[in-house]
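Accompanying notes for the structure given below.
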Amino acid sequence: MGLLFEHGRLWQRIFGLRLSLDHIWILASLGLIWLFLSLAPLPANDLWWHMAAGRTMVEERSLLTTNRWAYSLPADTPYVYQSWLSEILLYALYQLGREPLLSLSRTLAVVISYGLVAWHALRRSMNGMAVGLALFCAMMAGWGNWTLRPQTLALLPGSASIVILGEYLAGRLSSRWLMALPALTLLWVNMHGSFVLAPALIGLSWLGTLLDTLRNDIDRPRREQVRMLTVTLLSVITATLLNPLGWDIYNYVRMMLANESLQRWFIEWQPPVANLDLRNAGFWFFFLVLLIATLMAVGRRRPSGSDLLWYCGLSWLCFDGIRYVMWFALFLTPLLAERIAVLVPVRKRLSVSPIATMSIVAGLIVLVITTLPWFMPIRYLGPAAEANFATAGPYRLLLDSNTPVAASEWLAQRSFPGRFWTDMSFSSYTIWRLPEKQVFADLRVELFPAKVWEEYFAIARGDRQSLDVINRWDISHLLLDLHNQEALARLLSNTPGWCEAFREDRMVIYVRCEIVQ
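Quick note: the sequence shown uses numbering that gives the first Met the number 0, first residue 0, plus one each step.
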């Protein structure tokens with residue numbers, strides 16, 4: 000009877016559940032993220048080579064420390080696989096559920112991370128509409144970085160850290176929760192180089208709280224916060240040292256930020272560009288920089304020292320590289336929501352009926368189930384929507400069209416003397432599928448000196464110099480991306496001694512005629 004009674008109370012709670020309009024704003028935003036990621040393919044760029052690194056570490060039961068997969072440098076050239084924990088996790092996910100589980104993991108990592116920040120933003124602003132608008136801006140600024148790679152997994156400890164820190168600074172969490180920050184940082188430092196945001200943002204919070212305390216010396220709670228943040232900052236810095244590199248992890252980050260090849264040739268490491276393209280993270284960065292500054296200036300309540308320092312620090316970081324815009328927009332969502340809420344008239348908290356609540360919950364459940372990757376949800380949009388997806392493989396409708404599945408299978412069945420060259424984006428998958436077939440250069444960009452990249456792009460340009468570099472490196476077969484190397488494809492087609500051996504969609508393989516016959 001007691002069990003039945005408890006069950007009765009449970010059903011009463013379920014059917015008596017009422018969502019407020021605040022909840023609906025946030026659920027709608029998160030549902031939009033879920034839907035977008037469920038329909039978006041997994042880009043090949045950084046996923047497969049990171050998994051190849053994870054596979055090698057698992058099989059050899061040791062961390063990778065050298066080149067391995069590129070013939071343009073000695074095999075024992077040192078290389079830092081800083082994201083080793085993420086690489087092993089990605090490989091483990093693949094082993095457990097292949098491409099569908101990888102796709103679901105990306106969706107969950109992003110939705111949970113943005114959901115945590117939205118929860119904190121709602122508690123801070125007490126206005127769901129403001130949170131929904133701020134979250135939409137964060138989505139538009141960050142969606143271009145929602146690939147599956149170590150940075151995506153690092154969103155989880157990153158978001159959890161700023162939520163705990165923000166709730167503590169607002170006085171809604173006790174200082175005991177700060178003990179979670181070193182543990183989260185320990186995970187973060189072994190997952191991705193963005194871990195430096197942990198000590199940086201805690202340090203800025205410490206300084207901001209100290210400045211607020213000096214402005215109001217009788218504020219005893221803030222003096223206690225300064226003391227606890229000091230202890231937390233020291234603990235977090237110590238946690239960042241618990242990695243295979245120790246103190247050298249900071250030298251690694253400094254090297255990445257100053258690397259010539261990254262800054263010169265790769266867009267995500269270059270400063271954002273102001274334009275009117277709403278799909279471009281640069282537009283949303285400059286829009287948010289101006290919007291947040293304006294709202295802080297005109298608002299009735301003065302921003303805290305921590306708010307100002309976070310805004311300045313994260314903005315400054317983004318001016319150095321567009322890849323940081325996702326972190327900037329996500330971590331400043333609570334501040335933006337609070338500032339937007341000031342402009343929205345205070346209204347009575349409105350709730351929808353239990354029936355409407357159950358309908359919304361049921362709709363979300365249906366959305367989640369029907370868009371699970373095992374159902375290949377892009378098929379719901381018809382054959383025309385499949386153009387951006389891979390053309391081969393059992394899970395081709397989960398993979399981006401830059402995943403050379405069919406071409407790699409063709410190469411796996413043949414053995415050609417001489418060296419192999421491929422587009423750097425394709426190299427990620429070929430390293431995974433054909434680890435024995437070394438490439439000229441790949442997406443471990445900082446591994447290669449500028450001279451190697453100059454020769455890589457000299458080949459990719461498709462001019463007379465391309466043939467000289469190809470011959471000098473004894474390259475006998477090339478896998479080209481017709482989106483990027485159309486000129487090179489034309490050059491090889493018109494050059495005696497080269498034969499087109501494979502073509503599918505955007506991919507073509509050229510082989511020296513004397514070895515293909």
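Cβ coordinates follow ideal geometry from the N, Cα and C atoms, glycine included.
These numbers were taken from a predicted model, which means no experiment stands behind them.
#1: Work out the CA separation of T402 and F135 for me, nearest whole Å.
#2: Which residues in the same chain have their Cβ closer than 7 Å to the Cβ of A457, if we skip the five residues on either side of it in sequence?
#3: What residue from L46, L481, L172 has the CA that sits closest to M506's CA?
#4: Give the straight-line distance between the Cα atoms of W326 and G141, rounded to the nearest whole angstrom.
#5: Given this structure, state the Cα-to-Cα distance separating W315 from A384, to the nearest angstrom.
#6: Mapping DSSP to helix, strand and coil, what is W497?
#7: In terms of residues, what are the limits of the beta strand (DSSP E) holding I377?
#8: Between G157 and A74, what straight-line distance do the alpha-carbon atoms span, to the nearest angstrom?
#9: Using a Cβ distance threshold of 8 Å, determine whether the region 86–100 contacts the region 306–325, with at least three qualifying pairs required.
#10: Taking C-beta to C-beta, are G53 and Y90 nearer than 8 Å?
#11: Pick out whichever of A488, Y455, R226 has its Cα sitting closest to the Cα of T208.
#12: With a cut-off of 8 Å on the beta carbons, I'd call I508 and L478 a contact; round off their distance for me.
#13: By how many angstroms is the C-alpha of S82 removed from the C-alpha of N189?
#14: With a 10 Å radius around its C-beta and 16 neighbouring C-beta atoms as the bar for buried, classify I354 as buried or exposed.
#15: What are the complete alpha helix (DSSP H) segments, minimum 4 residues, inside the region 21–91?
#16: Which value, in whole angstroms, describes the spacing of the CA atoms of S407 and S174?
#17: Exposed or buried, what is C317 when buried is set at 16 or more other beta-carbons lying within 10 Å of its beta-carbon?
#18: Have a look at the DSSP bridge pairing and note the partners of H476.
#19: Rounded C-beta distance between F447 and S260? I'm assuming under 8 Å.
#20: Does the count of Cβ pairs from the region 235–246 and the region 332–344 closer than 8 Å reach three?
#21: Going by CA-CA distance only, name the one from A273, E503, R338 that's closest to M295.
#22: Just checking, does the region 273–282 make contact with the region 119–134 on the three C-beta pairs under 8 Å criterion?
#23: So within the region 407–472, which uninterrupted alpha helix (DSSP H) runs reach at least 4 residues, ignoring any that extend past its ends?
#24: Measuring straight from C-alpha to C-alpha, what distance separates G461 and A137?
#25: Assign Y379 to one of two classes, buried (16 or more other C-beta atoms within 10 Å of its C-beta) or exposed (fewer than that).
#26: Buried or exposed for F4, going by 16 or more other Cβ atoms inside 10 Å?
#27: Excluding the five sequence neighbours on either side, which residues of its own chain have a C-beta within less than 6 Å of the C-beta of I248, listed in chain order?
#28: CB V324 to CB F284, shorter than 8 Å?
#29: On the CB-based measure, 16 or more other CB atoms within 10 Å of its CB, does Q412 come out buried or exposed?
#30: Sorted by chain position, which residues of the same chain lie with C-beta nearer than 8 Å to S475's C-beta, five sequence neighbours on each side aside?
#31: Name the one or two DSSP bridge partners that R502 has.
#32: Kindly indicate which three-state DSSP category S19 falls into: helix, strand or coil?
#33: Determine whether the beta carbon atoms of T390 and E503 lie at a separation below 8 Å.
#34: Just to confirm before moving on: does the CB-CB distance between T184 and A197 stay below 8 Å?
Taking the structure as given:
#1: 30 Å
#2: Q464, S465, V468
#3: L481
#4: 8 Å
#5: 39 Å
#6: strand
#7: First-last for I377: undefined, no H or E at that position.
#8: 34 Å
#9: no
#10: yes
#11: R226
#12: 5 Å
#13: 6 Å
#14: exposed
#15: 46–59
#16: 54 Å
#17: buried
#18: F419, V510
#19: 7 Å
#20: no
#21: R338
#22: no
#23: 423–432, 449–460, 463–471
#24: 39 Å
#25: exposed
#26: Note on F4: pLDDT 39, under 50, position unreliable in the model; no value is reported.
#27: N242
#28: yes
#29: exposed
#30: F415, P416, G417, R418, F419, V510, R511, I514
#31: V507
#32: strand
#33: yes
#34: yes
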